[in-house]
Amino acid sequence: MSDPLAKIKKKLQDEINQLSHELSVELPKEIAVARAHGDLSENAEYKFAKERQSFVNLKITHLKKRMGDLSMLNLTNIPKDRSGYGSRIVVLDVQRDAKIEYTLVSSEEADAEKVFISTTSLIGKALLNRKVGDEIEV
1 MSDPLAKIKK
11 KLQDEINQLS
21 HELSVELPKE
31 IAVARAHGDL
41 SENAEYKFAK
51 ERQSFVNLKI
61 THLKKRMGDL
71 SMLNLTNIPK
81 DRSGYGSRIV
91 VLDVQRDAKI
101 EYTLVSSEEA
111 DAEKVFISTT
121 SLIGKALLNR
131 KVGDEIEV
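Note that the numbering used here gives residue 102 to position 102 of the sequence shown, counting from 1, and the numbers run on in steps of one.
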């Protein structure tokens, strides 16, 4: 069985690679050009490039942590009688008397059009670890 999270991990790794390139190649050039303009205290280009550098560093750190979190997930431990990652859940909205089918996914896969909801969203959290027939209020 292939790793169902492989697509997400690849997407995260691609983003890490792109940001790492920006951090090590593009931003140093922008900073050098901005520095060449002189007085750094009033240099908007320099300030913007340095702020972008900080943001990219933080984003890379976040993505690497997320990769580590995904690597630690063991999808075989998800109980078959309860909802979890990958579960397709039919919900009855009693106020509108409508059935809605959701699929629980990671935050990277969430897509409102496909009704893929993140396990970290308000509805996703409420639907996690539920059995058929459970009632919830969101």
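Note that the Cβ used here is the ideal one computed from N, Cα and C, for glycine as well. Bear in mind the structure is a predicted one, so any value in this text is a computation, not a measurement.
query: Return the residue from the list Leu63, His37 and Lys29 that minimises the CA-CA distance to Gln18.; result: Leu63
query: Expressed to the nearest angstrom, what Euclidean distance is found between the alpha-carbon atoms of Ser20 and Lys50?; result: 15 Å
query: Relative to the alpha-carbon of Glu45, which residue among Val56, Arg88 and Lys29 has its alpha-carbon at the smallest distance?; result: Lys29
query: Could you give the DSSP three-state label for Val91: helix, strand or coil?; result: strand
query: For a minimum of 4 consecutive residues, which ranges assigned as the alpha helix (DSSP H) are wholly contained in the stretch 16-102?; result: 27-36 and 44-72
query: Give me the DSSP bridge partner(s) of Leu104.; result: Ile117
query: Tell me whether Asp134 sits in a helix, a strand or coil according to DSSP, three-state version.; result: coil
query: Using only CA atoms, which one of Val132, Ser121 and Ile8 lies nearest to Ser71?; result: Ile8
query: I'd like the span of the alpha helix (DSSP H) that includes Leu122, first residue to last.; result: Leu122 to Leu127
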